[in-house]
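Asks: So the sequence shown is numbered by the working numbering: it starts at 21 and just counts up by one.
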Amino acid sequence: MHSMSESKPAAATAAPTPLTAALQARADASIALLQDAVRQFGKVVYASSLGAEAMVLTDLLWTHVPGVDIVTIDTGRLPDETLALVAQLEARYNRRIQVFFPQAAAVEQYVRLNGINGFYESLSQRQDCCAVRKVEPFNRAVAGYPAWITGVRREQSAARATNQPLQLDPRNGMHKVSPLLDWTEAQIWEYIRARQLPYNPLHDRGYPSIGCAPCTRAIQPGEDHRAGRWWWEQAATRECGLQPRQPTGQHGSASGIS
Ligand code: SF4
């Protein structure tokens, strides 16, 4: 497991600093891939998880590749800190993130059947909640785009180590663009620090992966990166239906909404 304290910004008050040559090269390669994707596919969407990688991608996109749409899902159960981050990003870049919400009638039906916190009671009730609050709005948010951007990084898992920067995602028939594949977590935080980007303050409180408030808790030293997500379930089931669970290693939330 990575150590958040090793690499995240020590303080948000320092002045922005130039990127090191190595990090600038990383950023330039990511920007070139994103620009190529826009040239090739025209309409490209980034479904932001609002995690640390998302701060880097948002900055790269809205500074250098502004034609890409950024969307996110407000499940109705997000932490206040995550919603505040949306506002901070919009203020910094003077642009709107397109926020998609669950269908009200579907949420009402789920709550009538299962109770307001029915997701704690069984795996199927939890997965039904994620289907209503996350998967359906996510599918609606990316519909019609031939390509989508993810924030996955190779070091997050053995499975992701074999990913390609541009590949067809067989699950949804969309091309998947992964500009951060070769970034390390330390580089993600180095970039955030150098550029003075906003980020979710929950990262400073033991939450490397942040989802809905009732389904996320802080992790303990030595625990898996995703151990705080749906912590009451067996590790193999802890997924929301948008990303396949990786069998080993870290599993960040950067690949999209999670
Ligand atoms: S993470 Fe929890 S609250 Fe959020 S959609 Fe899934 S089950 Fe529902």
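Here a beta-carbon is modelled for each residue, glycine too, at the ideal position from N, C-alpha and C.
On a predicted model such as this, the values are computed, not experimentally measured, just so you know.
1. Measuring CB atoms only, is the segment 61 to 76 touching the segment 170 to 177, in the sense that at least three cross pairs come out at less than 8 Å?
2. Hey, how far is the Cα of Gln147 from the Cα of Asp94?
3. Going by DSSP in three states, Arg116 sits in which element: helix, strand or coil?
4. What does His195 pair with, by DSSP beta-bridge criteria?
5. Identify whether Asp89 lies in helix, strand or coil by the three-state DSSP scheme.
6. By the 10 Å Cβ neighbour count, where 16 or more other Cβ atoms means buried, how is Leu103 classified, buried or exposed?
7. In the DSSP assignment, find the alpha helix (DSSP H) that holds Tyr300 and state where it starts and stops.
8. For Ala52, write down the residues that DSSP places opposite it in a beta bridge.
9. Quick check on the burial criterion: 16 or more other C-beta atoms within 10 angstroms. Buried or exposed for Ile90?
10. When you get a sec, list the residues whose CB is within less than 6 Å of any heavy atom of the ligand SF4, chain order please.
11. Using CA coordinates, which residue listed in Gln108, Val127, Ala233, Asn183 is at the minimum distance from Pro157?
12. According to DSSP, simplified to helix, strand and coil, what is His22?
13. Three-state secondary structure (DSSP) at Val65?
14. CB-CB under 8 Å to Gly164, same chain, minus the five flanking residues each way: which ones, in chain order?
15. Less than 7 Å between C-beta atoms, sequence neighbours within five positions excluded: which residues of the same chain meet that for Gly226?
16. Note down, in chain order, each residue of its chain lying with its Cβ closer than 7 Å to the Cβ of Val58, except the 5 sequence neighbours on either side.
17. Please check the pair Gln145 and Asn134, which I expect to be a contact at CB under 8 Å, by giving their CB distance rounded to whole angstroms.
18. By how many angstroms is the C-alpha of Asn183 removed from the C-alpha of Ser177?
19. Quick check on Thr102: does DSSP put it in helix, strand or coil?
20. Would you decide whether Leu188 is buried or exposed? Buried here means 16 or more other CB atoms lie within 10 Å of its CB.
21. If distances are taken between C-alpha atoms only, which option among Leu39, Leu201, Ser142, Trp82 comes closest to Ala179?
22. Should Ile117 be labelled buried (16 or more other beta-carbon atoms within 10 Å of its own) or exposed?
23. The alpha helix (DSSP H) that contains Ala161, what's its start and end?
24. Which one of Gln60, Thr37, Ser69, Ala41 has the shortest CA to CA distance from Gly231?
25. Please work out which residues of its chain come closer than 7 Å, Cβ to Cβ, to Ala280, disregarding the five sequence neighbours upstream and downstream, and give them in chain order.
26. Under DSSP, the alpha helix (DSSP H) around His84 begins and ends at which residues?
27. So the candidates are Leu43, Tyr130, Thr236, Leu39; which of them puts its Cα closest to the Cα of Trp252?
Replies: Taking the definition as stated:
1. Taking 8 Å as the limit for Cβ pairs, the verdict is that the segment 170 to 177 does touch the segment 61 to 76.
2. Put simply, the backbone Cα of Gln147 is about 17 Å away from that of Asp94.
3. DSSP places Arg116 in coil when its eight states are reduced to three.
4. DSSP lists Ala167, Leu188 as partners of His195.
5. DSSP places Asp89 in strand when its eight states are reduced to three.
6. By the 10 Å Cβ count, Leu103 comes out exposed.
7. The question about residue 300 has no answer here: the residues shown for the chain are numbered 21 through 278.
8. DSSP lists no partner for Ala52.
9. Label assigned to Ile90: buried.
10. So the residues near the ligand SF4 by this Cβ test are Thr95, Arg97, Phe139, Arg146, Cys149, Cys150, Arg153, Lys154, Gly231, Cys232, Pro234, Cys235, Cys260.
11. Out of Gln108, Val127, Ala233, Asn183, Val127 has the C-alpha closest to the C-alpha of Pro157.
12. Note that His22 scores a pLDDT of 36, beneath 50, so its modelled location is shaky and nothing firm can be said.
13. Three-state result, Val65: strand.
14. Take Gly164, set aside five residues on each side of it, and the residues of its chain with a beta-carbon closer than 8 Å to its own are Lys63, in chain order.
15. Excluding sequence neighbours, Gly226 sits near Ala238, Ile239.
16. These residues qualify, in order along the chain: Val64, Val85, Gly87, Val88.
17. Confirmed, about 5 Å.
18. C-alpha separation (whole angstroms): 10 Å.
19. Here Thr102 sits in helix by DSSP.
20. Answer is exposed; the Cβ neighbour count stays below 16.
21. When C-alpha distances from Ala179 are compared across Leu39, Leu201, Ser142, Trp82, the shortest belongs to Leu201.
22. With 16 or more other Cβ atoms from the protein chains shown falling within 10 Å of its own Cβ, Ile117 counts as buried.
23. From DSSP, the alpha helix (DSSP H) with Ala161 extends over 156 to 162.
24. Comparing Cα-Cα distances from Gly231 to each of Gln60, Thr37, Ser69, Ala41, the minimum goes to Ser69.
25. In the structure as shown, the chain starts at 21 and stops at 278, and residue 280 therefore has no counterpart that could be examined.
26. Looking at the DSSP string, the run of the alpha helix (DSSP H) that includes His84 is 72 to 84.
27. By alpha-carbon distance to Trp252, the top candidate from Leu43, Tyr130, Thr236, Leu39 is Thr236.
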